[in-house]
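Heads up, the thing below is written out as structure tokens.
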Amino acid sequence: MPDLPPSPPRPGRPRQSRLPRIADVARLSGVSTATVDRVLNGRPGVRAPTVQRVMRAAAEIGYAVELPPDPAASLQPMRLAFVLPAGTNRFLAGLGRLISGAADQLAGFNMRARVDFIESFNPDLLGRHLKELGRDVDGVVFMAIDHPAVREAVNALADRGVPTVTLISDIGHARRAAYVGLDNRAAGRTAAYLMARFIGPRPAKVAMIAGSLSYRAHGEREMGFLHMFQEAYPAVEVVGLREGYDDQAKNHRQTKMLLARHPDLAGIYCIGGGPEGIAKALKEARRDSDVVLIGHGLTPEVRELLVDGTMDAVITQNPHGSLMSCVSIFANIRAGRPAQDGVEPARSEVVFRENLP
């Protein structure tokens with residue numbers, strides 16, 4: 080009986096006559112060699128399902144994987160707490176739901192997270208809560224209030240070996256590990272530029288409604304907004320800043336007072352949350368078609384205001400991208416790498432009715 084020819088290798092799997100290489104792992108897992116290199120060297124920036132696929136492919140063909148020491152290999156997940164302001168800010172509420180619903184994704188990084196909503200704009204309460212968290216978690220992400228009580232809490236956590244990451248709004252002179260958020264001064268300048276272009280080359284009055292200037296983010300947006308008009312559009316007068324504490328009802332009242340005091344008002348910059356209250360007042364006064372309204376944070380409610388023309392533009396950041404940046408930062412800290420190694424800065428997106436995602 081004649082000898083049968085050897086069976087051909089299975090498609091997509093390398094012959095085993097030589098040692099497997101990165102290119103073989105890439106071909107079997109369906110990703111690039113650069114992605115395989117990031118996974119096998121323990122660098123951040125790769126989604127958990129992709130990491131798992133690459134590791135399975137490497138094991139299947141016998142590629143020797145020698146990852147740097149990382150406590151992620153231990154049985155104990157890294158416990159994270161996200162602390163966000165309570166209230167009617169729909170962007171922050173949506174971010175909280177996103178984090179709570181990401182348990183499976185976080186498990187791929189051997190992390191788990193809780194979300195705590197606490198009273199907004201209360202630095203003493205925030206400081207106490209941060210200190211209490213130090214007994215229960217391995218890392219904290221929070222929207223910072225720039226206040227001595229909060230700085231002391233951040234430094235106390237650092238002394239205990241609990242790293243903190245500030246989200247959306249940063250804090251000065253504190254030992255936080257990293258900041259995840261926009262360049263807020265640039266965001267304010269962008270809002271001013273857009274508003275000036277919408278209004279056109281004529282004298283005009285515009286106003287700002289912030290959440291609270293206790294948030295550094297809101298103060299920096301205000302400065303950027305003011306400076307842009309002073310530098311490039313001196314014919315536009317900024318008639319004042321009001322605080323609405325991200326509350327729709329307060330923003331509604333503030334807008335009604337602004338319209339009563341300045342009947343010729345041409346634009347409003349909503350620095351914080353609660354643009355729905357501003358929009359309601361504009362519609363009641365039948366000014367929604369001639370007052371330019373620019374705000375922050377793309378939510379389902381803001382989408383509706385863009386579609387019906389009440390809002391003209393929204394400056395936003397990707398909430399899922401912010402979450403994954405936080406995860407990458409804590410993965411770096413756990414592995415002994417610099418906190419922001421491989422983590423890209425947050426990018427602002429300007430959304431109009433015509434380019435709604």
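At position 204 of the sequence shown (counting the first as 1) the number is 283 in this note's numbering, and the numbers step up by one without a gap. Quick reminder that beta carbons are idealized off the backbone N, C-alpha and C, glycines included.
Beta-carbon contacts of Y142 that lie in its chain and below 6 Å, excluding the five residues immediately before and after
So the qualifying residues of the chain are P99 and V104.
Let me check understanding here. Comparing Cα to Cα, which of I247, E322, G351 and E211 lies closest to V241?
Here the closest residue by C-alpha is E211.
How far does the beta strand (DSSP E) with L163 in it reach, from first residue to last?
For L163, the enclosing beta strand (DSSP E) begins and ends at M157 to P164.
With a Cβ-Cβ cutoff of 9 Å, do N234 and S199 count as a contact?
Going by C-beta atoms, N234 is not nearer than 9 Å to S199.
Is there contact here, the segment 337-350 with the segment 361-378, by at least three beta-carbon pairs under 8 Å?
The answer is yes - the segment 361-378 touches the segment 337-350, with three or more Cβ pairs under 8 Å.
Please return the same chain residues whose Cβ sits closer than 8 Å to the Cβ of P282, not counting the five positions on each side in sequence.
By the criterion of a C-beta distance shorter than 8 Å, P282 is surrounded in its chain by A314, V315 and E316, once the five residues flanking it on both sides are discounted.
Sufficient close CB pairs (3 or more, under 8 Å) joining the segment 214-233 to the segment 248-260:
A contact exists between the segment 214-233 and the segment 248-260.
Going by the beta-carbon positions, is the gap between N263 and E299 smaller than 9 Å?
Taking 9 Å as the Cβ cut-off, N263 and E299 qualify as a contacting pair.
Out of curiosity, what's the CA-to-CA distance linking I394 and G376?
Whole-angstrom Cα-Cα distance: 6 Å.
Measure the Cβ-Cβ separation of A286 and G319 and say whether it is below 9 Å.
Yes, the pair counts as a contact, with Cβ atoms nearer than the cut-off.
Which word fits A102, buried or exposed, when buried means at least 16 other C-beta atoms lie within 10 angstroms of its C-beta?
Answer is exposed; the Cβ neighbour count stays below 16.
Near D343, which residues of its chain fall below 7 Å by C-beta distance, leaving aside the five closest residues on each side in sequence?
Excluding sequence neighbours, D343 sits near K284.
Does the structure place the segment 292-306 close enough to the segment 406-425 that three or more beta carbon pairs sit under 8 Å?
Taking a cut-off of 8 Å on C-beta distances, the segment 406-425 does not touch the segment 292-306, as fewer than three cross pairs fall below it.
Keeping to the same chain, check which residues put their C-beta closer than 7 Å to that of R366; ignore five residues upstream and five downstream.
Exclusion of the five residues before and after R366 leaves L338 as the residues of its chain whose Cβ lies within less than 7 Å of its Cβ.
Taking Cβ to Cβ, would you say G218 is nearer than 9 Å to M157?
A contact, by the Cβ cut-off of 9 Å.
P354 vs V381 beta-carbon contact at 9 Å
Yes, Cβ-Cβ distance for P354 and V381 is below 9 Å.
Among G415, R207, V386 and L205, which one has its Cα closest to the Cα of E433?
Of G415, R207, V386 and L205, the residue nearest in Cα terms is V386.
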